[in-house]
Each structure stands twice: as structure tokens, then as C-alpha cells.
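Per numbering that gives the first Met the number 0: the sequence shown = residues 0 to 227.
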Amino acid sequence: MFELLSSSRFGEALGEEVCRSLAASGSLVHYKADDIVFHENDPAHAVFIVLAGVVKLVRYGEDGRETIIHPAEPVHMFAEAGLFLERYPVTAVASKPTDLLRIERETVLRLMEQHPVLLRRIFDTMANWLRRLVDTIDQLTLNDATARVANYLLRERATRLDEGGNPDRFVIPLKKGEAARMLNMNQATFSRALRMLQDDGTLHVQARNLLIRNLEQLKQHGLPPLDE
Numbered sequence: 000m001f002e003l004l005s006s007s008r009f010g011e012a013l014g015e016e017v018c019r020s021l022a023a024s025g026s027l028v029h030y031k032a033d034d035i036v037f038h039e040n041d042p043a044h045a046v047f048i049v050l051a052g053v054v055k056l057v058r059y060g061e062d063g064r065e066t067i068i069h070p071a072e073p074v075h076m077f078a079e080a081g082l083f084l085e086r087y088p089v090t091a092v093a094s095k096p097t098d099l100l101r102i103e104r105e106t107v108l109r110l111m112e113q114h115p116v117l118l119r120r121i122f123d124t125m126a127n128w129l130r131r132l133v134d135t136i137d138q139l140t141l142n143d144a145t146a147r148v149a150n151y152l153l154r155e156r157a158t159r160l161d162e163g164g165n166p167d168r169f170v171i172p173l174k175k176g177e178a179a180r181m182l183n184m185n186q187a188t189f190s191r192a193l194r195m196l197q198d199d200g201t202l203h204v205q206a207r208n209l210l211i212r213n214l215e216q217l218k219q220h221g222l223p224p225l226d227e
């Protein structure tokens, strides 16, 4: 676990000493696809780092409809709000077979006192979550499905800018149906938007593998529609 943490962008920002402390203090937990990591309003006892797989953070309406807030991918921490809240504000579900490093709340609080860099990183992460929520609200105000999809892909690209490699080539972390629900549309509409972006040369799409061919064009597609 230490090697995986320390070699990631997440671990590089923390440093070897903090990564070693996190790896030594946590426990490895495996989840199958669709397993629940925790439910909304469960007591917030721990935070988690995704080592492999994907965890989707969701809210459920009274009718049982799922709203995906965001997918957590390797190597990222989630449930940081549990450090300061008594209960988790969302439900966490493994989207595929997933390995997590579980670290108890009191342990993380102690490590934050010992390592200010960890404290800063956690606050940075929470600030990014707030930005994502604001972006999601903005997205839901766009009536144009293609604009929503384009902005979603731009956000996914932005998360990969500091990870090395080519940020224009990535795998969509959620299943297409899940990504569609997150954008408040059905899967057929999501697929049509991807196909339109591929047909005009903006993207190349094969299943969930995606290549951004024309970044500026994708940004143009993400603009709100002009008022008529």
C-alpha cells in the first residue's frame, strides 16, 4: 500500500513520511461491484483512499432515484467530511471491484496534528469537492444535453492534468447509464451527445474509452446555449 500511495500524485503531495503513516494506520478493505461502503446518515467513523476501482458517491430521493454526486477514483481520498461531521452526507457505492484503504477518524485527526501537510491536503480536497458541487449545480441549469456532456468531459480531463500522461485520453469512470443520471438525462440522450461530438470530430469514443481530438471545440460545445 505504501508504494502505491507514495508513487501517486496524491502521495507525492503528502511526502513519504505521511504516506508511510497512512499505510501503517489503515486497513485494506475489498468491495465487490455494487457493495455499499457506507450509507447516507451512517455515523462517520472513517475516511477512505481509493487504491483500485471506483466508488460513486450518491444521494437517493424519496422515490429511490439515484443522483450521483461524483465518482472517486485511484488514488484519491473521500469522506473527508466525516472528520468534521457526525454522519456521512452521501452514500458510497463500489461501482466495480474496488480496494480501499480505511483509516479511522481519530487516527486521521491525530495524523493531521502531527503532519500539517496532511491537514492542508484535506482542506484542499474539501474545497475541490465544494467546487465540484457548484459546477454540478451549474450543469443542471443547462438545458442542452450536449453542453452538459461536454462540461462533464472537461471536468474529467481537468482532474487528470496533474496525474501525468495524456489528459485528453482517458476512460469514463462511470458506466454510461450512471454518468447520464449524474447529468440528469437518460442513457440514450447521453449516448447521442457522445455520438454527435464524435461525428463532428471533437471526440473519438470506443465504449468508455475516450480521446479528445479538439479541445477548443469541446469547450465551445460546453458553453450555455444563446438566448433566442
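Even for Gly, the Cβ is constructed at its ideal location relative to N, Cα and C.
Only a predicted model underlies this, so the values are computations on that prediction, with no experimental measurement involved.
First through last residue of the beta strand (DSSP E) which encompasses Leu160 | Looking at the DSSP string, Leu160 is not in any beta strand (DSSP E), and its letter there is neither H nor E.
Within its chain, find whatever has a CB closer than 8 Å to the CB of Glu227; leave out the 5 residues flanking it on each side and keep chain order.
-> Caution is warranted here: a pLDDT of 41 is assigned to Glu227, below 50, making its placement in the model unreliable, and no coordinate value can be reported.
Cα separation between Pro88 and Ile35?
-> Each residue's Cα considered, the two are about 14 Å apart.
Backbone secondary structure at Ser26 - three-state DSSP = Looking at Ser26 - three-state DSSP - the assignment turns out to be strand.
Unbroken beta strand (DSSP E) run spanning Thr90, endpoints | It spans 90–93 - the beta strand (DSSP E) in which Thr90 sits, taken as one unbroken run.
Hey, would you say Leu13 sits closer than 8 Å to Arg86, going by beta carbons?
-> Leu13 is not a Cβ neighbour of Arg86, given a cutoff of 8 Å.
Beta-carbon separation of Ala146 and Leu222 under 8 Å?
-> Inclusion of Ala146 and Leu222 in the CB contact set at 8 Å is warranted, their separation being smaller than that value.
Got a sec? Which residues, its chain only, sit under 8 Å from Glu15 by beta carbon, not counting five neighbours each side?
-> Answer for Glu15: Ser5, listed in chain order.
Endpoints, the beta strand (DSSP E) within which Val275 is located | In the structure as shown, the chain begins at 0 and stops at 227. Residue 275 is therefore absent and cannot be evaluated.
Can you tell me where the beta strand (DSSP E) with Phe169 in it begins and where it stops?
-> Residues 168–170.
Status (buried if at least 16 other CB within 10 Å, exposed otherwise) for Gly210 = Per the sequence shown, the amino acid found at residue 210 is Leu instead of Gly. Exposure of Leu210 is indicated by the presence of fewer than 16 other C-beta atoms within 10 angstroms of its C-beta.
Beta-carbon gap between Tyr30 and Thr90 smaller than 8 Å = No, the Cβ-Cβ distance between Tyr30 and Thr90 is not below 8 Å.
Kindly indicate the opening and closing residues of the beta strand (DSSP E) around Glu65.
-> Its beta strand (DSSP E) spans residues 65–71.
Are Val17 and Leu117 close, meaning C-beta to C-beta below 8 Å?
-> Using a Cβ distance threshold of 8 Å, Val17 and Leu117 count as a contacting pair.
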